[in-house]
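Step one of this worksheet: look at the structure below.
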Amino acid sequence: MSKVRLTETVFRDAHQSLLATRMRTRDMLPIAEKLDEVGFFSMEVWGGATFDSCIRYLNEDPWERLRALKLAMPNTPLQMLLRGQNLVGYRHYAD
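Just add 16 to wherever you are in the sequence shown, counting from 1, and you've got the working numbering.
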């Protein structure tokens, strides 16, 4: 029987949908170690509005967020939502 593999999206989608992506890295880190112990296939922690919100609203380095989350979750692969041509921005670029 095939395994079911779960990707947790709480660090990207949950607060993007509920809190306009304003969750600070320091608020994520206390639970990150516990999530690492669950055994998820991966954690989606970046992408969508997270890059912009880190810089524009939270005065945080989005790259440092990735480093800190990886240190807190060394056993879980991290992934991001990637938007195609505009990658982490909002401007539409013609094909």
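The beta carbon of each residue, even a glycine, is placed where N, CA and C say it ideally should be. These numbers come from a predicted model, not from an experiment.
- With respect to the C-alpha of E49, the residue from L85, L97, T25, D29 having the closest C-alpha is L85.
- About 5 angstroms separates the Cβ atoms of F56 and E24, confirming a contact at the 8 angstroms cut-off.
- Following the DSSP letters along the chain, one finds L94 inside the beta strand (DSSP E) bounded by residues 94 to 97.
- About 20 angstroms separates the beta carbons of S58 and T37, which is beyond the 8 angstroms limit, so they are not a contact pair.
- Taking all protein chains shown into account, V61 has 16 or more neighbouring C-beta atoms within 10 Å of its C-beta and is therefore buried.
- Among the bridge pairs identified by DSSP, S58 is matched with T23.
- Here the alpha carbons of T92 and L22 stand approximately 11 angstroms from one another.
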